[in-house]
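Inspection log for the structure reproduced underneath, given as structure tokens.
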Amino acid sequence: MRMKKYEFWFVVGSQFLYGPEVLETVAARAQEMAKELSVSLPYPLVYKVTAKTNREISEVVKEANYDDACAGIVTWCHTFSPSKMWINGLAELQKPWCHLATQYNREIPNEEIDMDFMNLNQAAHGDREHGFLGARLRKPRKIIAGHWQDEDVRKRLGDWMRSAVGAAFSRQLKVMRFGDNMREVAVTEGDKVEAQTRLGWQVNTWPVGKLAQTMDAVTDAEIDALMDAYRAAYDFATDDLETVRYQAREEIAMKKMLDEEGCMAFSNTFQDLYGMRQLPGLASQHLMAQGYGYGGEGDWKVAAMTAILKAMGEEGNGASAFMEDYTYHLVKGQEYSLGAHMLEVCPSLAADRPRIEVHPLGIGDREAPARLVFEGKEGDAIVVSLVDMGGRLRLICQDIHCVKPILPMPNLPVARVMWQAEPSLTTGVECWITAGGAHHTVLSYDVTAEMMKDWARIMDIEFVHITKGTTVESLEKELFLNDLAWKLK
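Residues in the sequence shown are numbered consecutively from 196, following my numbering.
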């Protein structure tokens, strides 16, 4: 499912008023633009039609709705395209929509401009007519304005494509829960029926005993092959190979169950390890490195979101990972958050080659498990949290800047990432708590806040963004207005 080949359809608006030569020119230019744009975009942009009638638009929309390879449509009005003829089609559109407000020529040609030029090059006219209808229909859409050859326009269009693919991925996503969630925890609960209705997720439980049975059937040859893969990717900082082999056994069994059911995300909890000697640590981390989403303590929402952000990242599996805020460094002028988890942080975040180590866990009443230990890389990133507010889903996104950990922490045997939160650590914490953000998040270096905003718009859920300019007061006002608006939806 992750490797599915998606494409986007380029639908260009015009009308018969200008004659066949103009329509031929519009079509030729649209094909040229789609071909050239596709070179720099993450997914192909396929020219479909220069639409001139209600019927043409309705037909291409129906085709897009039922074509699984089509992840969205990009519209542009080269000439003046009367918007009433778009009503029936756009009213039925079920795929993500981007309105590219551009024009073929970059400059106004001083010597060549005449009425023939004006009749042909009416994007400024046509896109505003087209934009009115989108607003009138109240259709969720992405609007990108600028010249189609500009790097920033192509970057924004490519990012929107990734968001749309994240939406397509979401609507097919299946999450495997090994057991239930951690007892008495509120934020890992949620309405699975609403999640499937709104986001497409199929979230179901498989007994941990079934996993234990599958582990028993794993062969030594299968374990040997995975151990070779571990050696190729990671440094061994332990002589306890039997413990590492047990993690390999767990990983192979989990992957078999996930693949048999078509699941791309999973959760487990240290409170339910029936028939297992270790909590999966290295096993979960290496599965995440392959693109599977994970949620600790039975958190199926963060498991799904991890898989979605990975699918939206570079090469369909970007630097995104399950994360948890663990502790703060509150020295004035040196405020940082330390993120980690007991075991399960994806190595896609690692600054250097991760090490396999074995240490006691101190929780779960099982053997000391093997895990990957590393420091996260530096750079701008986001953390996101999806929470069930009762009646609606809220996606909270915060801008952060990851740094090299300021302390070596030699006795902390887990992967860790340290960051500065926007607008500051303390104000950021107050804003996060005010919005109801969970202690589990997805941290991503690849996916941007704008991409998450686009994804939330496509999925029709609330989006809250904590930025450098956010204050507690402004956020409280935003949340109050959001409450009113969503009650009316």
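Think of the CB as a built atom: it goes at the ideal place given N, C-alpha and C, for glycine as much as any other residue.
Remember, it's a predicted structure, so these values are computed and weren't measured experimentally.
Between D583 and E446, what straight-line distance do the alpha-carbon atoms span, to the nearest angstrom?
Straight-line Cα distance between these residues: approximately 30 Å.
Between which two residues does the alpha helix (DSSP H) harbouring N314 extend?
It spans M310 to L315 - the alpha helix (DSSP H) in which N314 sits, taken as one unbroken run.
Verify whether the separation of the beta carbon atoms of G267 and F203 is less than 8 Å.
yes
Go ahead and label L683 buried or exposed: buried means 16 or more other beta carbons lie within 10 angstroms of its beta carbon, across all protein chains shown.
Counting the other Cβ atoms within 10 Å of the Cβ of L683 gives fewer than 16, which makes it exposed.
When DSSP builds the beta bridges, which residues end up paired with G574?
C597
Could you give the first and the last residue of the continuous alpha helix (DSSP H) run that contains A222?
Residues P215 to S235.
Work out the CA separation of V659 and G374 for me, nearest whole Å.
31 Å
How would you label K334, buried or exposed, when you count the other beta carbons within 10 angstroms and need 16 or more for buried?
exposed
How would you call V388, buried or exposed, if buried means at least 16 neighbouring beta carbons within 10 angstroms?
exposed
Which residue from Y201, Q391, Y429 and L477 puts its Cα closest to that of P237?
Here the closest residue by C-alpha is Y201.
Out of curiosity, what's the CA-to-CA distance linking A296 and A318?
7 Å
Short check: CB of F431 to CB of M371, under 8 Å?
no
Could you give the distance in angstroms between the alpha-carbon of I252 and the alpha-carbon of W281?
6 Å
How about C272: is its C-beta nearer than 8 Å to some C-beta of chain C?
The question asks about chain C, but that chain is absent: this structure has only one protein chain.
DSSP puts I339 in a beta bridge; with which residues?
L295
Skipping 5 residues on each side, what residues in its chain have a beta carbon closer than 7 Å to that of G559?
F465, L468 and L474
On the DSSP letters alone, give me the boundaries of the alpha helix (DSSP H) that A286 sits inside.
I282 to E287
Using DSSP with H/G/I as helix, E/B as strand and the rest coil, what is Y640?
coil
Return the chain-ordered list of same chain residues with a C-beta closer than 8 Å to the C-beta of P555, the five sequence neighbours on each side being excluded.
So the list reads A563, once near-sequence residues are dropped.
Count the other C-beta atoms from every protein chain shown that fall within 10 angstroms of the C-beta of N305, then say buried if there are 16 or more, exposed otherwise.
exposed
Going straight from the alpha carbon of H596 to that of G208, what length do you get?
42 Å
What residue range is occupied by the uninterrupted alpha helix (DSSP H) comprising C626?
L620 to A630
Leaving out five residues on either side along the sequence, give the residues of the same chain with a beta carbon under 7 Å from the beta carbon of Y521.
L533, G534 and A535
Can you tell me the Cβ-Cβ gap for G631 and R589, rounded? I've got them flagged as a contact below 8 Å.
7 Å
Quick one: is P291 buried, meaning 16 or more other Cβ sit within 10 Å of its Cβ, or exposed?
Counting C-beta atoms within 10 angstroms of its own C-beta, P291 has 16 or more neighbours from the protein chains shown and is therefore classed as buried.
Can the beta-carbon of A359 be found closer than 8 Å to that of I653?
yes
Do M471 and V403 count as a contact pair if the criterion is CB distance below 8 Å?
yes
What does the Cβ neighbour count give for S235, buried or exposed, with the cut at 16 atoms within 10 Å?
Exposed: under 16 other Cβ atoms inside 10 Å.
Please go through the segment 386-466 and give each complete beta strand (DSSP E) segment of 3 or more residues, from N-terminal end onward.
397-401 and 460-462
Considering Cα atoms alone, identify which of R440, M313, E510 and K405 is closest to A416.
R440
Please return the same chain residues whose Cβ sits closer than 8 Å to the Cβ of D655, not counting the five positions on each side in sequence.
Shown here for D655: same chain residues with a beta carbon closer than 8 Å to its own, the five before and five after excluded, namely P335 and R393 in chain order.
Does the beta carbon of A246 fall short of 7 Å from some heavy atom of the ligand COA?
Ligands are entirely absent from the displayed structure, and the ligand COA is therefore not among its contents.
Can you tell me whether DSSP reads T501 as helix, strand or coil?
T501: helix per DSSP, three-state reduction.
Considering Cα atoms alone, identify which of D641, H294, D454 and N260 is closest to L352.
H294
Where does I653 fall in DSSP's three states?
Under the three-state reduction of DSSP output, I653 falls in the helix class.
For a quick check, are the C-beta atoms of I661 and D594 less than 8 Å apart?
Their beta carbons are under 8 Å apart, which means I661 touches D594 by this criterion.
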